[in-house]
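For reference, the structure discussed in these notes is given below.
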Amino acid sequence: MNQKPGVCTFCGTGCGHFIGVENNRIARVYPSQNHPVSKGRLCVRGWNIHELLDTPDRIKKPLIRSDGPFVEASCDEAVGRLIDSLKKYPPESIGFLASPRSSNEEQYLLMKLARSVFGTNNICLDSESGHRASLNVLHAGTGMAGMLGSIEEICGAEFILVAGIDITRQNPIIGSEIHMAARAGAMVVTMDSRRTQIARLSKKFLQVRPGANKLAVLALAKTIYEENLHDPSFLEAHTEGFEGFRRAFGKLSENELYEKTGLKADEIKTVARHLARAKSAMVFFSSGISGLDEDTIGYIYNLFLLAGKIGKEGCGVNPIAGLNNLQGGYDMGLAPDLLTGFQPLADAATAKKFEKEWGTALPSSPGKPIYRSLADQASELKALVVVDHDEGIVRYADAIKKLDFVAYIGAFKNPFAEYAHVVLPIATYVQEDATFTNAERRIQLSTKKIEPEDGLLPGWKLYSMIAAKAGRAWKYAKVSEVMDEIARLTPAYAGVTHAKLAGGFGLQWPVDDKNPGGTRRFDLAKAGRKLAFYGVSDVFEAPSADDRFPFLLMVGKAQHFWHQNNLMKKTHIPMREYNATLMDYPEGYVEICPQSAKEIGVRDRWPVRVVSPHGEMRVSARVSDDVSPNTAYAPYFVQEMISRFLLGHTEVLRQGEDATIPVRIEKV
Amino acid sequence: MTMFLIKKSDVGKIAEELARDHQVYGPMIEKGSGQTFFDRADDVSEISLSAPIPSNPPKSVVFPQMERVLAYEYDRPKNSVKIEPDYKVEPKALVGLRPCDLAGMLCLDRFFMGQEFVDEVYLAHRKKMFIVTNTCVAPFKQCFCVCTDSGPAASEGYDLNLTDLGDEFLVETGSEKGAVFAAGLGLAAADDSHLARKKKIVDKSISLFEDIAVDSKAWISRVMNRVTTGFVKEEVWEYIGDQCFECGACSFVCPSCSCFNIADVTNPECEGCADRLRSWDSCSYEGYSRMAGGHNPRKPVEDRRNKRFFCKLSYSQMKKYLRPGCVGCGRCAWVCPGDIGLPNVVTYVRREITR
Ligand code: SF4
Ligand code: SF4
Ligand code: SF4
Chain Z
2 MNQKPGVCTF CGTGCGHFIG VENNRIARVY PSQNHPVSKG RLCVRGWNIH
52 ELLDTPDRIK KPLIRSDGPF VEASCDEAVG RLIDSLKKYP PESIGFLASP
102 RSSNEEQYLL MKLARSVFGT NNICLDSESG HRASLNVLHA GTGMAGMLGS
152 IEEICGAEFI LVAGIDITRQ NPIIGSEIHM AARAGAMVVT MDSRRTQIAR
202 LSKKFLQVRP GANKLAVLAL AKTIYEENLH DPSFLEAHTE GFEGFRRAFG
252 KLSENELYEK TGLKADEIKT VARHLARAKS AMVFFSSGIS GLDEDTIGYI
302 YNLFLLAGKI GKEGCGVNPI AGLNNLQGGY DMGLAPDLLT GFQPLADAAT
352 AKKFEKEWGT ALPSSPGKPI YRSLADQASE LKALVVVDHD EGIVRYADAI
402 KKLDFVAYIG AFKNPFAEYA HVVLPIATYV QEDATFTNAE RRIQLSTKKI
452 EPEDGLLPGW KLYSMIAAKA GRAWKYAKVS EVMDEIARLT PAYAGVTHAK
502 LAGGFGLQWP VDDKNPGGTR RFDLAKAGRK LAFYGVSDVF EAPSADDRFP
552 FLLMVGKAQH FWHQNNLMKK THIPMREYNA TLMDYPEGYV EICPQSAKEI
602 GVRDRWPVRV VSPHGEMRVS ARVSDDVSPN TAYAPYFVQE MISRFLLGHT
652 EVLRQGEDAT IPVRIEKV
Chain L
2 MTMFLIKKSD VGKIAEELAR DHQVYGPMIE KGSGQTFFDR ADDVSEISLS
52 APIPSNPPKS VVFPQMERVL AYEYDRPKNS VKIEPDYKVE PKALVGLRPC
102 DLAGMLCLDR FFMGQEFVDE VYLAHRKKMF IVTNTCVAPF KQCFCVCTDS
152 GPAASEGYDL NLTDLGDEFL VETGSEKGAV FAAGLGLAAA DDSHLARKKK
202 IVDKSISLFE DIAVDSKAWI SRVMNRVTTG FVKEEVWEYI GDQCFECGAC
252 SFVCPSCSCF NIADVTNPEC EGCADRLRSW DSCSYEGYSR MAGGHNPRKP
302 VEDRRNKRFF CKLSYSQMKK YLRPGCVGCG RCAWVCPGDI GLPNVVTYVR
352 REITR
């Protein structure tokens, strides 16, 4: 039999699959029936992953260039060039942009390389701050920097809130679990500005005005509190800091709330009562590029804490990672201020533990997030190492061009490589054992399926080689020893070994002496602490449209258009689906409702100009019932939007989906 | 046709014997996960006749998920092309095929070989094939072949058919090739009493189907009538279409779905060289039905969905396949993230009829 178990590495759901191999090439994929997360399902991306894994569009040879075009080089030469170039600069001037797609082992070693070999804390993930915002809230509130619930428990939840995430597109198999729960009787409520598929499949749809999610959540919390639907003894015994949250309730009158959110009193009240009365309740929201801002996430967490829906079976505040190892990336300390497992770099005892294990002092100067440096004209950043990059390039192309030195490390061809001076290939994830941590903290081992092409090193070997050449010999005989080291340094991973993960469906962290089989969800009974309400602001600046800019534009994801599609473009079927929409809307589209289209005087596929206070772009109109009058939606793949239009909107990039842009839409 | 008996302990010999001059495929259980796959056996002892219905459709043997069908090299200056077809001609034996899956393959035969043009690639896989089916002595949870006239025992299209009689297997031959092969095994002959025992076992098996499957028996034909005559209301298709995640799984896992995509993949290391790949495709994808020029006859997802159910449940398809397009394997219900596998769709249409 020729079926090798593994994990889909597109999104953070972490579905299980089997890969078939022929002549050392990936020939097919099939879903894993007994996998606890995916239970025999895959989405369009997962069903076609073999097309990506078999693509000839790979980086296979190290490349270097001085002034002219690239020339092929030996791995030795290219690594030598990388080290010399980085060592020219003080640590503050070099940076590492890590990938939320790399395995835990690769991410950990890149982090170790940056800190222990090149002495810099300038390291971060190539993804927007959305997931970090979620982790900040959950960590501060409960001590767990990850999804509090579990995908396996979705089917047991009585109430499910889907807040501002197009989940059947972004993480379809999680969307499927929610749909199944709704069919089995759960009260599923979607809160969004756009009528997404999950909105249609929900029992209630709260169509909030763009940018007003936080207010809608506030309205729910206020109702629960004012109708006395919460349990004061739970608040007393298990929580702290409620007063701070309660202060926000008085800021706006009920009527103001309804007006600003566009929701009706009875809609809010019914949903609030359902939430409060359900035995178990979960909420899902997006982390990543189109995720909510930290304050809104704080409100969501506080709402569920007030309703007493945290730490029990079928409950969970669940940020959804769009990329396969985004959660793992934070677990592996890919942030200027973090070490592994969300341990703060500033904590002296933690730093000491790492210094002892690594046999070197940690850099003391604080690091800066790479994107902030790129956006800052006065930044000291001069040299940048980028791994398996999808996104930021189109936005920061100019800043990246200005750097003295850029290195690109990756398995697949990528437009980013054009900006690099050194390109180093690595093996794909099916060419080595690797672990990935999905959105629900499940650490899964994906075993090696095929041999890497001649001369290609898996990431962990390449990083070890760079370290050795730079004068620090790491002694890993096999990749599992990297995980052993992670386990020694990271309490949440303390009990994880490759041997323990082999042949199973993974373990959810924390995995330690107390929880040798992992931890399905955050458990109130075992918390050993009070749960803190998150310190949220009581300032509400919902963007509003006016006569000059009468539309509120939202930015989001679409199923086949995903993170610049560098990987999707290497498939055939998902790529065709991508082209089908592109052919209809060659310049991308902005979605408006039929009534708005009529007012502007355009029809489906007619060109329009979208003008904001900070910029403009030309796209086609897509006429659809999914948006309300005077709102508009543009999927994130619209190139011109990301490269030009959004550049003036730094706030949007930082805040994600909740920061909507007032625009005017004109016929051209 | 002739009939024989083979001892349970000897039944493995059939695969062993076939392995002499065939690539042998059969149901096998993946150890780590317990999942059954119909796959090529590196070692024929891996094949398990008692394994549950395979999770993947055996159609992957004759119609693989992704297959290189030819390679070509275009020499621009000389304006010449070198084409190398890549047909997999090795003889193959399928051992332990379930009746529904055989029925599915017969549909594929009619699609790929029974029309005006014969598909050479498919033909190459199928040509020297030896098929051993295995009667289902008990249905699996999701099965409803009793409603689609494709089980639990195979009636045509096999070379050998095995039925577990308890202590031994009844071996029925279904073709000349099968008769010759079976005669060469030196088995004891079976008689009508064994056939009567088989009938009892099949009847028992039929009685064990979930009520809903047995219940649906009449319903499937009534639903087919409705679907064919276009009497299913828009709203029902919309209700179904809203739940489709457009993943393609239902087509991929279906033993009778035949749609494919062709892609030419250029080789970056060899100018003018390309591989032609054929792979599974699905009517649920928007790009699948889009025509050049932008017209898409099936743009809304509910239109694409009802296309599938037309394909599985209408008389026009019966003309093509000489049987319903659905063979009752239940796999689409397993894999559908929208929970609109064929049995549920039948239920929704049926609900409308009874209203
Ligand atoms: S939901 Fe995510 S992990 Fe699952 S198959 Fe789709 S892309 Fe892969
Ligand atoms: S339609 Fe579904 S149940 Fe019918 S044969 Fe295809 S996969 Fe099996
Ligand atoms: S399996 Fe279900 S969700 Fe997927 S395409 Fe088929 S009907 Fe749609």
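As you go down the protein sequences, you meet chains Z and L in turn.
Residues in the first sequence are numbered from 2 upward in steps of one, following this note's numbering.
Residues in the second sequence are numbered from 2 upward in steps of one, following this note's numbering.
We put the CB at the ideal spot given by N, CA and C, even for glycine.
Which chain L residues sit within Cβ distance under 8 Å of residue i?
| i | result |
| --- | --- |
| Gly-41 of chain Z | Ser-56, Trp-335 and Val-336 |
| Pro-57 of chain Z | Val-266, Thr-267, Asn-268, Pro-269 and Glu-270 |
Within the same chain, show all residues whose beta-carbon is closer than 6 Å to that of residue i, passing over the 5 residues directly before and after it, in chain order.
| i | result |
| --- | --- |
| Thr-3 of chain L | Thr-174 and Ala-180 |
| Asn-123 of chain Z | Gly-96, Gly-368 and Lys-369 |
| Lys-14 of chain L | none |
| Asp-110 of chain L | none |
| Gln-560 of chain Z | Confidence at Gln-560 of chain Z is low in this model, with a pLDDT of 48, below 50, so its placement is unreliable and the value that follows should be read with caution. Same-chain partners within the cutoff: Arg-170. |
| Leu-276 of chain Z | Phe-160, Ala-282 and Ala-308 |
| Ala-104 of chain L | Ser-151 and Val-328 |
Taking residue i as the query, report the chain Z residues whose CB atoms sit under 9 Å from its CB, ordered along the chain.
| i | result |
| --- | --- |
| Asp-43 of chain L | Met-2 and Asn-3 |
| Asn-262 of chain L | His-573, Ile-574 and Arg-577 |
| Glu-47 of chain L | Met-2 |
| Gly-331 of chain L | Correct list: empty, because the minimum Cβ distance to chain Z is about 12 Å. |
Note down, in chain order, every chain L residue with its Cβ under 9 Å from the Cβ of residue i.
| i | result |
| --- | --- |
| Glu-578 of chain Z | Glu-247, Tyr-286, Glu-287, Gly-288 and Tyr-289 |
Just to make sure I have the definition right: I need the residues of chain Z whose C-beta is within less than 8 Å of the C-beta of residue i. Which are they?
| i | result |
| --- | --- |
| Ser-280 of chain L | Glu-52, His-573 and Ile-574 |
What are the residues that DSSP puts in a beta bridge with residue i?
| i | result |
| --- | --- |
| Lys-205 of chain Z | Z:Val-190 |
| Lys-93 of chain L | L:Gln-24 |
| Gln-4 of chain Z | Paired residue(s): none; Gln-4 of chain Z is not in a bridge. |
| Ile-7 of chain L | L:Phe-170 |
| Arg-623 of chain Z | Z:Glu-592 |
Would you call the CB atoms of residue i and residue j closer than 8 Å?
| i | j | result |
| --- | --- | --- |
| Ser-481 of chain Z | Asp-434 of chain Z | yes |
| Asn-303 of chain Z | Phe-343 of chain Z | no |
| Arg-619 of chain Z | Pro-608 of chain Z | yes |
| Ala-164 of chain Z | Phe-285 of chain Z | yes |
| Leu-195 of chain Z | Tyr-586 of chain Z | First, the amino acid is wrong: residue 195 of chain Z is Arg here, not Leu. No; because the gap between Cβ atoms is not below 8 Å, this pair is not in contact. |
| Asp-232 of chain Z | Thr-197 of chain Z | no |
| Asn-631 of chain Z | Leu-553 of chain Z | yes |
| Asn-325 of chain Z | Phe-243 of chain Z | no |
| Met-106 of chain L | Val-63 of chain L | yes |
| Arg-42 of chain Z | Pro-57 of chain Z | no |
| Pro-338 of chain L | Cys-248 of chain L | yes |
| Val-483 of chain Z | Leu-126 of chain Z | no |
Please work out which residues of its chain come closer than 8 Å, Cβ to Cβ, to residue i, disregarding the five sequence neighbours upstream and downstream, and give them in chain order.
| i | result |
| --- | --- |
| Leu-532 of chain Z | Gly-142, Thr-143, His-239, Thr-240, Glu-241, Leu-306, Ile-311, Gly-312 and Leu-525 |
| Ile-601 of chain Z | Ile-593, Val-609, Ala-622, Ile-666, Glu-667 and Lys-668 |
Using the beta-carbon of each residue, which ones in chain L are nearer than 7 Å to residue i?
| i | result |
| --- | --- |
| Val-45 of chain Z | Glu-247, Cys-248 and Gly-249 |
Identify, in the order they occur along the chain, each residue of the same chain with its Cβ nearer than 7 Å to the Cβ of residue i, setting aside the five sequence neighbours on each side.
| i | result |
| --- | --- |
| Ala-217 of chain Z | Met-192, Leu-207, Val-209, Thr-262 and Leu-264 |
| Gly-176 of chain Z | Ile-168, Thr-169 and Ile-199 |
| Leu-87 of chain Z | Ile-95, Phe-119 and Ala-384 |
| Glu-452 of chain Z | Asn-25 and Gln-432 |
| Val-138 of chain L | Asp-165, Ile-202 and Ser-206 |
| Gly-35 of chain L | none |
For residue i, return the contacting residues in chain Z, with the cut-off set at a CB-CB distance below 7 Å.
| i | result |
| --- | --- |
| Asn-307 of chain L | Neighbours of Asn-307 of chain L on chain Z: none; closest Cβ ~17 Å, over 7 Å. |
Spell out whether any CB of chain A is found under 8 Å from the CB atom of residue i.
| i | result |
| --- | --- |
| Leu-202 of chain Z | Structure shown: chain A not included; protein chains present are Z and L. |
>> Under 8 Å, CB to CB, which of the residues in the stretch 238-260 of chain L have a partner in chain Z?
In response: Asp-243, Gln-244, Phe-246, Glu-247, Cys-248, Gly-249, Ala-250 and Phe-253
>> So if I threshold CB-CB distances at 8 Å, which residues from the stretch 60-94 of chain L count as touching chain Z?
In response: Ser-61, Pro-65, Gln-66 and Met-67
>> Can you pull out the residues from the stretch 23-38 of chain L whose beta carbon lies closer than 7 Å to at least one beta carbon of chain Z?
In response: Met-29, Glu-31, Gly-33, Ser-34, Gly-35, Gln-36 and Phe-38
> If you measure beta-carbon to beta-carbon, which residues of the stretch 22-39 of chain Z are closer than 7 Å to chain L?
Replying inline: Ala-28, Arg-29, Tyr-31, Pro-32, Ser-33, Gln-34 and Asn-35
> If you measure beta-carbon to beta-carbon, which residues of the stretch 136-149 of chain L are closer than 9 Å to chain Z?
Replying inline: Hits within the stretch: zero.
> Using a beta-carbon distance cut-off of less than 8 Å, what residues from the stretch 174-187 of chain Z approach chain L?
Replying inline: Listed by position, the residues of the stretch 174-187 of chain Z near chain L (Cβ gap below 8 Å) are Ile-174, Gly-176, Ser-177, His-180, Met-181 and Arg-184.
> Of the residues that make up the stretch 138-169 of chain Z, which ones have a beta carbon closer than 9 Å to any beta carbon in chain L?
Replying inline: Thr-169
> Given a limit of 9 Å on CB to CB distance, which residues of the stretch 491-520 of chain Z reach chain L?
Replying inline: Ala-503, Gly-504, Gly-505 and Phe-506
> Of all the residues that make up the stretch 267-279 of chain L, which are near chain Z by a beta-carbon distance shorter than 9 Å?
Replying inline: Within the stretch 267-279 of chain L, Thr-267, Asn-268, Pro-269, Glu-270, Asp-276 and Leu-278 place their CB atoms closer than 9 Å to a CB of chain Z, listed in sequence order.
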